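Working notes, structure below.
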Amino acid sequence: MNLAEIYRRDAWHMRWSLYISFVMLAIGGFYGTLQALDKMGVDLYRYLPDPLYRYYLGLTVHGVTLGWMFTVFFIIAFLNLVTIHGLRRPLASPGLAKATFGLAVLGAVAALIPTFTNEASVLWTFYAPLQAHPAFYIGLTAIVVATWTAGINAYLTWRSWKREHPNVRTPLMSFAALTTWAMWALASVGVAASMLFQLIPWSSGLLAQVNPLLNRSLFWFTGHPVVYFWLLPAYISWYTMLPAQVGGRLFSESLARLVFLAFIPFSIPTGLHHMFPDPGIPHSTKLLHAILTFAVVFPSLVTAFTVVASVEEGARRNGGTGRFRWILRLPWLTNPAVSGQLLGMVLFATGGITGIINASYGMNLVVHNTMWIPGHLHTQVAGAVTLTWMAASFWLIPLLTGKKLWSVRLSTLQVWTWFFGMAIMARGMHWMGMAGVPRRVHLTYAPYALFDEWRLAGWLVGAGGVLLFLSGALFLYVIAMTVWFSRSPAQVEVPEAKPLHPVERMPLVLDRITPWVTVTVVLIAIAWLPSIYRIATTHPYVQGWRLW
Ligand code: HAS
Ligand code: CU
């Protein structure tokens, strides 16, 4: 089978996964806009029909559709493509790919029905003792299982490739996809355990009580590394595609491999940085997680260096000069598939700084549970990751449909407006957080809200939110017009960067995942098991609550 035939066979499920992820982006984005306006004292919720007129229903839809669905559908499609392209072969099991897709769709439907019917306003973190309808937990579990079946398919594909190429290094693209799946396989154990042994039996009436602190700990066991499950597909684009898209080469393939591999051990033993103020966990354990969080910053710092160096090389090959003037040589206004990624990186650099602030044990007490945290997360997953995926969609959709992108100019306008919208909104959110505004609160109805004092910050959030709404609509418009009305055939290929220096010899450990998984298991045992055991055996179990 040649590559074109391979794509044709697997294109439909990748294409539909992308379409569904865009629908989730639309649903989640709609509620996001209402939340942003609420921060400037404008309550548009009340124009919605009951029961959609409920803040926590909307906030749950926002977090669940964007955090668990837009992301997962996009990641499955993108990592499938990267695996296929990297190994130049079809997925090992077409049946498993179909099953993955079907399971994810059923899971999304099962989780969203109770959410929209006001049976599951438990937010994206579904902390017990808030109790949702069992279908909500079962649906989200099905989505997690779908990620596992997708990962297994990638592994089987690699295994059959390896049998034919026993002495060849795994190509970087598919190697990066495999490290992402390996990290996620370990990371998702926490939320899976919580779903299977706590939340599903408890919400179905089989268990009377649940341990809230255990539930929170298992959530954050997965909840921190899930952010790297979102990020690494963007990194795959920055490392293995972007250099080629700017006419350059990857600065160092060995460093790239080290970065992807480092995320396996360091992603998971860090989750307690979401629970610094929680009671009942020894300070020493929290401190260990804080230190390991600084370890997981390291691969991103390396990325800042490696990816920018690769981009600079491309700009200089295209005639860029000077210490900084080469930056102007980059196609900021002519190639949205590139500028979306570059703008995403700029946002990511700011979110990296706020992440380091969050991770600093003492400073976390100032920002925890304030609007600062949504400020941080929007620059990261909604800024860097989403912008990179939007940029990638401008070649992915043409590749998978065979139709030329509808409009380069509109797509360029789209990535810039998303960038400014997110920058403005996040600025306001950080500012509100500093002023002590709590997160997850319907401010228009909060008796203590000081809209006069927070006026400018709140207006930035609202204005940024409106700009994002317009930009999101523009994105969907460009994609829909490409799919439905574009008549010219697309001439796109998957961009694939070559290394700057041909790699002749490389330590074997940079082409193996198992040793890294082994280290991870040891680190998890040290950083998580004692506190999970202690919490499970000494903390109170309580009944479910429904506050809405
Ligand atoms: Fe975070 C909370 C710490 C990264 C997402 N984070 C969250 C939540 C989310 C989230 C969703 O320690 C809220 C969850 C909730 O609902 O409660 N985060 C970090 C740290 C990092 C980090 C240390 N976060 C992410 C990423 C996310 C994400 C990535 C999504 C994709 N985060 C925290 C902490 C909390 C937290 C605490 C809990 C706070 C609390 O109290 O609740 C690091 O991984 C960040 C490292 C990144 C860098 C940046 C490197 C820069 C690069 C770009 C270079 C390019 C440039 C421009 C400069 C060090 C690679 C180039 C321009 C050209 C012209 C070429
Ligand atoms: Cu985290």
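Residue numbers (the numbering used here): 979 to 1526.
We treat Cβ as the ideally placed atom computed from N, Cα and C, and that holds for glycine.
Just so we're clear, the structure is a prediction, and the values are computed from it rather than from any experiment.
Tell me which residue opens and which closes the alpha helix (DSSP H) that residue i is part of.
i, result
"A1077", "P1072 to F1094"
"F1302", "It is not in any alpha helix (DSSP H) - F1302 carries neither H nor E in the DSSP assignment."
"L1228", "Where L1228 is concerned, there is no enclosing alpha helix (DSSP H), given that its DSSP letter is neither H nor E."
"G1036", "Y1033 to G1041"
"R987", "L981 to D1016"
"T1496", "T1492 to A1505"
"L1486", "From DSSP, L1486 is part of no alpha helix (DSSP H); its letter is neither H nor E."
"W1552", "Since the displayed the chain opens at 979 and closes at 1526, residue 1552 lies outside it and no answer follows."
"G1168", "V1167 to S1172"
Closer than 7 angstroms to a non-hydrogen atom of the ligand CU - does that hold for the CB of residue i?
i, result
"V1205", "yes"
"H1356", "no"
"H1267", "no"
"H1408", "no"
"H1252", "yes"
Could you check if residue i belongs to the surroundings of the ligand HAS, using beta carbon to heavy atom distance under 7 angstroms?
i, result
"A1160", "no"
"N1296", "no"
"V1530", "Residue coverage of the chain in this structure runs from 979 to 1526, which leaves residue 1530 outside it and unanswerable."
"L964", "Absent from the model: residue 964. The displayed extent of the chain is 979 to 1526, so no value can be given."
"N1336", "yes"
"I1305", "yes"
"F1326", "yes"
"I1351", "yes"
"L1228", "no"
"V1169", "no"
"A1475", "no"
"H1261", "no"
"W1208", "yes"
"G1007", "no"
"T1281", "yes"
"H931", "Residue coverage of the chain in this structure runs from 979 to 1526, which leaves residue 931 outside it and unanswerable."
"T1271", "yes"
"G1333", "yes"
"S1317", "no"
"S1288", "no"
Would you identify the three-state DSSP class for residue i, choosing helix, strand or coil?
i, result
"K1381", "strand"
"W1310", "coil"
"T1271", "helix"
"W1102", "coil"
"T1348", "strand"
"L1069", "coil"
"W1523", "strand"
"P1467", "strand"
"L1391", "helix"
"L1134", "helix"
"L1177", "helix"
"L1108", "strand"
"V1472", "coil"
"I1508", "First, the amino acid is wrong: residue 1508 is Pro here, not Ile. In the structure shown, P1508 sits in a helix (DSSP, three-state: H, G or I)."
"V1020", "coil"
"P1221", "helix"
"V1419", "coil"
"P1477", "strand"
Whose CA, out of the options, lies closest to the CA of residue i?
i, options, result
"S1071", "G1201, F1052 and G1129", "G1129"
"R1405", "A1098, L1374, P1352 and R1387", "P1352"
"T1284", "V1001, R1235 and G1450", "R1235"
"Y985", "N1058, Y1034, L1233 and H1040", "N1058"
"E1097", "A1163, P1029, L1069 and L1192", "P1029"
"W1126", "L1196, H991, W1162 and R1137", "W1162"
"F1104", "I1062, N1193 and T1148", "N1193"
"Y1031", "F1094, I1054 and A1055", "F1094"
"I1502", "P1027, G1249, L1320 and V1487", "G1249"
"M1047", "G1006, G1168 and T1357", "G1006"
"V1042", "G1019, K1076 and P1092", "P1092"
"I1513", "P1257, T1200, L1377 and I1062", "P1257"
"V1439", "T1078, F1372, A1401 and K1264", "A1401"
"L1325", "F1398, L1428 and S1138", "F1398"
"G1436", "M1018, M1002, H1354 and T1332", "M1018"
"L1177", "E1231, W1208, G1201 and I1116", "I1116"
"W1526", "A989, S999, L981 and T1038", "T1038"
"S1317", "V1500, S1466, A1451 and L1388", "L1388"
With residue i and residue j assumed to form a contact (beta carbons below 8 angstroms), what rounded beta-carbon distance in angstroms separates them?
i, j, result
"L1118", "G1073", "About 24 angstroms separates the two Cβ atoms, so there is no contact after all."
"I1214", "V1359", "16 angstroms between Cβ atoms; not a contact."
"H1346", "P1480", "Incorrect: roughly 48 angstroms between the Cβ atoms, too far for contact."
Report yes if the C-beta of residue i is less than 7 angstroms from at least one heavy atom of the ligand COA; otherwise report no.
i, result
"G1330", "Ligands present in the displayed structure are limited to the ligand HAS and the ligand CU, and the ligand COA is not among them."
Any beta carbon of chain D sitting closer than 8 angstroms to that of residue i?
i, result
"G1226", "Given the protein chain composition of this structure (a single chain), no chain D is represented."
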